[in-house]
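Note sheet for the following structure.
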Amino acid sequence: MKRKKLNKTESSILRGMKQALAYARGDKRGSVTHIIKVPQVDVRAARRKLGMTQKDFALSFGVSLDTLRNWEQGRRRPEGSARVLLAVIERDPTAVLKAVRDAA
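Per the working numbering, the sequence shown starts with residue 38, numbered consecutively.
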């Protein structure tokens, strides 16, 4: 059976699939890592900007009240996905609230 010649798009997809398989097997040559720096958020200021109590903010965004208090009082700092969520809340709280409500 004769194979058809791949067009530019098909060749690109096939090349990407081969790279993904190689990466999954541990071959990192040719791979590109993107590092995104997520800024620290002033949690108290973000909450106050929304006019929310600590309890309302915690309930609205799925954060424990104790964790929120620890962030606001500087005993702990948000990290990982919590830090990303807070950065998005700070930038566009309406979108986050809508997404949370739509998911419920």
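All C-beta atoms, glycine included, are put in the ideal place defined by N, C-alpha and C.
Note that the structure is predicted; figures quoted are calculated from it, not measured.
Separation of Thr70 from Gly142, as counted between CA atoms: As shown, the chain starts at 38 and ends at 141. That puts residue 142 outside it, with no answer to give.
Just to confirm before moving on: does the CB-CB distance between Ser97 and Met89 stay below 8 Å? Counting from one through the sequence shown, the residue named residue 97 turns up at place 60. Counting from one through the sequence shown, the residue named residue 89 turns up at place 52. Going by C-beta atoms, Ser97 is nearer than 8 Å to Met89.
Taking only the alpha-carbon atoms, compute the straight-line gap between Arg112 and Gly99 and give it to the nearest angstrom. Along the sequence shown, one-based indexing puts residue 112 at 75. Along the sequence shown, one-based indexing puts residue 99 at 62. Their backbone Cα atoms lie some 19 Å apart in a straight line.
Could you give the first and the last residue of the continuous alpha helix (DSSP H) run that contains Leu58? Locating residue 58 in the sequence shown gives position 21, where the first residue counts as 1. Run containing Leu58: 45 to 61, per the alpha helix (DSSP H) assignment.
Beta-carbon separation (whole angstroms), Val80 vs Pro115, contact threshold 8 Å: Here residue 80 corresponds to residue number 43 of the sequence shown, with the count starting at 1. Here residue 115 corresponds to residue number 78 of the sequence shown, with the count starting at 1. Cβ atoms of Val80 and Pro115 come within 8 Å of each other, at about 7 Å.
Cβ-based burial, Leu51 [other Cβ within 10 Å; buried from 16]: Within the sequence shown, the letter at position 14 stands for residue 51. With fewer than 16 other Cβ atoms within 10 Å, it is exposed.
Where do the N-terminal and C-terminal ends of the alpha helix (DSSP H) with Ala132 fall, by residue? Here residue 132 is taken as the residue at index 95 of the sequence shown, counted from 1. It spans 130 to 140 - the alpha helix (DSSP H) in which Ala132 sits, taken as one unbroken run.
With 16 other CB atoms within 10 Å as the buried threshold, where does Ala83 fall? Locating residue 83 in the sequence shown gives position 46, where the first residue counts as 1. Label assigned to Ala83: buried.
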